Each structure stands twice: as C-alpha cells, then as structure tokens.
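Residue numbers (the numbering used here), protein chains in the order written: chain A, 265 to 594; chain B, 7 to 330. Built from N, CA and C at the ideal position, the CB exists for glycine as well. This structure is a prediction, so every number in the text was calculated from the model and none was measured.
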Amino acid sequence: MSGNPAKVRLSREHCRTLLHQMLRIRRFEEKCAELYTQEKIRGFLHLYIGEEAVAVGVMQALAPEDAVVATYREHGHALMKGVPADTIMAEMFGKQEGCSGGRGGSMHLFDTEHRFYGGNAIVAGGLPIAAGLALADTLADRSRITTCFFGEGAVAEGEFHEALNLAALWQLPVLFVCENNLYAMGTALDLSESQTDISAKAACYDIASEAVDGMDVVAVEVAARRAVAAIHETGRPRFLECRTYRFRAHSMYDPQLYRAKEEVEAWKERGPIRRFKTWAFEAGELRESDVAEIEAEIAREIDQAVAFAQDGTWEPVADLTRHVGAERRP
Amino acid sequence: MTDLTYREAMRGAIRTAMQEDERVFLMGEDVGHYGGCYAVTKGLLEEFGPQRIRDTPLSESAFTGAGIGAAMNGVRPIVEIMTCNFSLLALDQIMNNAATMRHMSGGQVTVPIVIRMATGGGRQLAAQHSHSLEGWYAHIPGLRVLAPATVEDAGGMLGPALADPDPVLIFENALLYNETGPAGDPGSVDIDHAAIRREGSDISLITYGGSLGKTLAAAGQLAGDGIDAEVLDLRVLRPLDDDAILATLAKTRRCVIVDEGWRSGSLSAEIMARIVEQGFWTLDAPLARVCSEEVPIPYAAHLEEAALPSAEKIVTAARTVLGR
Ligand SMILES: Cc1ncc(C[n+]2csc(CCOP(=O)(O)OP(=O)(O)O)c2C)c(N)n1
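This is how it looks when you write it as structure tokens:
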C-alpha cells in the first residue's frame, strides 16, 4: 500500500471503517441498479461503482462542518457526508421523505444539515458554487473548508478555469477533487484534452496540486489529509486529482461502444475494494469474519433504506409550485 | 412512404446533407464514439470520419463559438448541443455573436450555422435536464427557430436550415425521437410556415414540438363530444407565421395555445399578444393557454406530470373557452 502511514493511523478499526464505507457505497449502488430495473428509481441514474476509494478516502479528511459539492454521480459522497441512506433512497423513489423532498431525484441529493450542497447535474456547475461557499466562510471568518468533486470532463468547461482562478486569486479554502475516470460519457480523456495531465492545469492558476492513485483508498486519504491541512494552514485552495475508473455504464442508457470489455476487466482487477481487502488480509488487519459482519451490517442498513423509501409518501399535487420562492417574505 | 423514427429521419437528413455538400460537418459532445446521446448520430463517425463528425470536449461555449467562426469563414457547421439546458453555457455565443454578427458588421459577415438541441421534459430528469427554452431563443432577432414535431419535419427541415444564410436553431423534443411516421418528401418541407395538422371549425388549438401529440389527442377526445377542433402546428417559432395563426382564428373564432414553456413571458404570451393586436375582432371568446406550471420541473413522476401540459388540461381549457 502506498501513502504515508505516518499521517494515517492504519489501526484495525480504521481499516475496518475504510472497507465498510467502500462496501457500503458498492452495495448501495448495486441496489440502486436493481431498483432501477424494477422502475422504482427513474430518470438518469449514474453509479459510482469502481470509484469508491475517492469519496471514502477524501472524506476521512473532512470535518462535519466542512461543505461538500458533488455531481450527479453523488450517492457515495452523500452517504459519506452523513446523509442517511434512508432519505437518499427515498429521494430516488421520489418520495417527500427524501433528502430533497422528492424534487431532485438521484442527480440532486441535498442535505444542508450535513452540509451537502448537491447533486449538480450541469457539468462543472458545482465549481463556482464551491468557491462561493468558501468565500462566505472566509468573509465570516469561519475556519472550515469546502470540497468540490467533479469529473475530468468538467476540466474542459470554462467554469472550471474561472472557478480555479477565482479561488486562487481570492485565497478561498476549497479542496478541488477531480475524479479522473478517463471518460466523459463516451469521450476519452485524450479526445477532449490537449494536456491530459489534469493536475498540471491547477498549477497554472498557482494552486498546489497532487495526482494520486484513486484506486488506493489509503493513498487518497493521505493526500486529502495533507491537502486539507495545507488549506487550513495557508487559507489557499488545493487540487487533488484522483485517477480512477468507472466500472459500469455512464448512466443506465449507455451501450458503452467507446471502450473495450478487456479494458474494463483490467481495471476491475485493481478495483479499490478488492485491492484494499487483499492488503488488509495480508497485513493481518482484517479477517473474513470482519467482512461477513460488515456485509451483514450493510445489508441491514440498505434493507431498511429501501423499506423507508417504499413506505414513504407522495407529496400532494396541490403543493406542486412550492419551493420556488420563500413561503414567507419579510 | 416508408415509416421511420424521428431519430432515423434526423440522422438521414444529416447524412444526406453531408453527402451532398462537402462543406457540411457536425460537432458536439459524444456525437462520435459514444454514438450520440440520443443516438441520432450513431454510425456517422464510421461513415464520415473524425474530421467531419467531431467529438468535442465539454465546452459548449467554445465549440458553439467555433461553429460560428467556421460558418463566418465558408463552411456549414451543424452544432449539436445535448440539451437546451446546457445551451445556456453557449448562450453568450448564440446571442452575442451568431445573432448579431450580420447586423453589427453592417451586413458584411454572415453566420450560416445550424444548431440542434434536444428540449422538453417528461422523463423524470428533474430541474437541470427538463426545460423548454425554445421560447427564449425565439425572443432573439437574427435567429430562425424551428421545432420539428413530425417525422417528416425531422427529416425535412435540416436541408433548408443549412441552405439558410443565417443562424438556424432546431429544437428536438426528446420524447419524439422514438416516434414513428411516414418519412415524407424532404423537398416539400419549408422553414417558413405553420401547418394545419387537423382541420376543424369549432376551436383552434395552436401548438408546436413535443406538445403536438398531446394536442392531437385532445382534439380526438373533443371530437368524441362533438367538438371539432383545428390543430395548428407552428413549426417555425421565429419568425412566427402570423398569417396562419390569424387564418385559423378567422375560421374558428376561438383558440387555446399549448406551450411546454413556462407561462410568464412565454411564446404563448407572444402569440396571444399578436392575436389581440391583429385579430381581436375575430374573437368570440377569451383566449386560453396550457403551459408548464411556474416551477422548475420536479423529479417525482406525479409532480412532473402535473407540471407539464397534458391532453386532459387541453380538453379542459378548450371546453372552458367554448363554455361546454
Ligand atoms: C454542461 C453540461 N454539458 C453536458 C452534460 C451532459 N453530460 C452529463 S455527464 C457528462 C460527462 C461528464 O464526464 P465527467 O465530468 O468526466 O464525469 P463522470 O460522468 O465521468 O463522473 C455529460 C457530457 C451536462 N450534464 N452538462
């Protein structure tokens, strides 16, 4: 395992947490896929399977008061930020008990109590928002940070460049996390970027950046802790590129004409869960019995989430035009 | 005539245009290797190669602007923007460059570009993927705005759009891609006029794009009750075919407008204003309209359905206008 163990205490307990959280996201996503085929979940559904080490690793470094902005592929991030599986699942069912009241669905999970600010489905749309959240913290002299997750596809948008410049110029406490899974829908990185070294782009805005193996949860955690510490120390943004891979289709409609099955299989060989488990077993930190316990715990949590969603209620149609403006104005 | 899907008709039109004119090329996100986000361009990369079927980075403003520049310099770009929701990232280029270039250059510079994009709701894609913004674009002088509602128009509008000396926007309601219908004769399709899709004498139902099917269904239901509705498909949202609107109104003297855009400041509002300005004395009843509710489109199915126009809402509006 790479990384700097001096900064991350890989206690048995911590190993168990990392595996638990990655498996939790994996199983949650698998359940979503199943519920999609049953038409309980509708619309677009983007799964995070294969990329779990990124959200799990980065979130180890965040405090509850830190904000997170993510994309439409955000179920894992929401789970990691403490949004309950129950309300996430209910949201995907379109029930009013959902974390966005059934208005947002899979692509728009929000939970301000956990400082989870979406669920943004305009590619790169979250980056300026993250800069703004951080700006408010700076103005109010609060020492908390905002983490923004986005895919490498977003790097081509003007909003990426504008937000990075602003964050660096105004010294905003933002951790930019690029989840580089090599494809934006069907467009491979080398078909969309003249400079494919993404972390190099941050450098031209004078933002310290680091690229890390996004399939290695410990390496991600180490890098994220280092970045977060630096943000607190300097008050400046940081950039982290996590090199990862999406095992499933872009969304549920994608025939995946743009990549070879062998390529997907090769990446699965180095899958984050498989890899961490193997290491933890060999290091004697975890045993099969731990995995069985974790799986049972997760199964209980997910079953409960599905039941919660199933038992949820539909918002009355009479309320259709709610949440457009404030209900009461001063 | 053979039946095609709307998607196939559009693809056929692109292929024909590219075969007939070497200056035509197509670019957009995932039009090539992915096969088109709605599969419209599937197979075209293999047929025409990466110079003419160009996968772009996620850079709506840059590739739309590049299309505008290319059009200014002698080629005929077809720019595909995945959905009108993302076209907002290119709005500056469309509004401040494509629409103004001819005017601000005193007629020297022209922008013969075609920009296609999907529009509309109805698939539980929530508030960043479901809106109908064609009415906004129809606000802008310098643009021609088309809304093919039939397979025949999907196949027939692209040719004249490419032949047009000025920028043309084509809005394809995403729910139409799987619709089938007769291919029609592309040579007979114009991009100037509205079309009567159903003759009738009691009331005019004026609509376009994805709402045409709902409106025809409503007309069918009304017929069951002895109400004979005429359905006018606008086809061209800018410039509006005032003559066709006034002609159907002269015939029926009553009207309901159906528009998937929001009501406030909408295309339906513009049509009402024109009717009041030019046809007030032909009216036998107040005008009515069915639009989307004034809310970002919600995810939950029952709420989304309630937010969008439906055949039932159109029937109710027509009955109200007719007092029966
Ligand atoms: C502005 C904008 N353009 C296009 C889209 C359609 N779209 C949704 S996801 C996506 C690919 C994004 O890829 P990437 O940023 O790498 O993230 P990933 O899906 O791989 O996690 C595209 C083109 C969009 N949502 N927003």
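Query                                                                                                               : Result
Any non-hydrogen atom of ligand 1 within 7 Å of residue 36/B CB                                                     : yes
Start-to-end residues for the alpha helix (DSSP H) that takes in residue 90/B                                       : 90-93
is_contact[residue 164/B, chain A] using C-beta, thresh 8 Å                                                         : no
Check: residue 385/A C-beta below 7 Å from any heavy atom of ligand 1                                               : yes
DSSP state of residue 542/A mapped onto helix, strand, coil                                                         : helix
Members of the stretch 48-79 of chain B that neighbour chain A once the beta carbon cut-off is set at 7 Å           : 61, 63, 64, 65 and 67
Simplified DSSP state of residue 414/A, which is helix, strand or coil                                              : strand
Residue-chain proximity (residue 576/A, chain B), Cβ-Cβ < 8 Å                                                       : no
For residue 283/A, the first and last residue of its enclosing alpha helix (DSSP H)                                 : 276-301
Cutoff 8 Å; reference residue 18/B; Cβ partners in own chain excluding five residues on either side                 : 10, 161 and 189
Below-8 Å beta-carbon distance, residue 36/B vs any chain A residue                                                 : yes
For residue 16/B, three-class secondary structure by DSSP                                                           : helix
Contact with chain A by residue 171/B, beta-carbon distance below 8 Å                                               : no
Within chain A, partners of residue 301/B - CB distance below 7 Å                                                   : 584, 585 and 588
C-alpha distance - residue 574/A paired with residue 308/A, whole-angstrom precision                                : 19 Å
8 Å Cβ shell around residue 281/B - same chain, five flanking residues per side excluded                            : 251, 252, 255, 261, 289 and 293
Span of the beta strand (DSSP E) around residue 59/B                                                                : 59-61
Partner residues on chain A for residue 41/B, Cβ-Cβ distance less than 9 Å                                          : 450, 519, 521 and 522
Residue of 44/B, 92/B and 54/B minimising C-alpha distance to residue 64/B                                          : 92/B
Interface flag, residue 512/A vs chain B, CB-CB below 8 Å                                                           : no
Environment of residue 339/A [buried if 16+ CB atoms lie within 10 Å]                                               : buried
From 321/B, 28/B and 196/B, residue whose alpha carbon lies closest to that of residue 230/B                        : 321/B
Segments of 4+ residues assigned as alpha helix (DSSP H) that fall wholly inside the stretch 292-377 of chain A     : 316-323, 339-344 and 349-357
One or two residues paired with residue 447/A in a DSSP bridge                                                      : 452/A
Check whether residue 73/B and residue 33/B have beta carbons under 8 Å apart                                       : yes
Cβ-Cβ distance between residue 598/A and residue 237/B below 8 Å                                                    : Within the shown structure, residues of chain A are numbered from 265 to 594, placing residue 598/A beyond reach of any answer.
Boundaries (first-last residue) of the alpha helix (DSSP H) holding residue 282/B                                   : 273-285
CB contact check: residue 143/B to chain A, cutoff 8 Å                                                              : no
C-alpha gap between residue 80/B and residue 206/B, whole angstroms                                                 : 46 Å
Residue-level contact to chain B via CB, residue 378/A, 8 Å cutoff                                                  : no
Counterpart residues of residue 505/A in DSSP-defined beta bridges                                                  : 442/A and 475/A
CA nearest to the CA of residue 414/A, picked from 298/A, 593/A, 333/A and 451/A                                    : 333/A
Residue 198/B, buried or exposed, once every other Cβ within 10 Å from all chains shown has been counted against 16 : exposed
Per DSSP, the bridge partner or partners of residue 268/B                                                           : 298/B
Chain A residues whose Cβ lies nearer than 7 Å to that of residue 312/B                                             : 581 and 584
Residue from 313/B, 124/B, 83/B and 88/B with nearest C-alpha to residue 104/B                                      : 83/B
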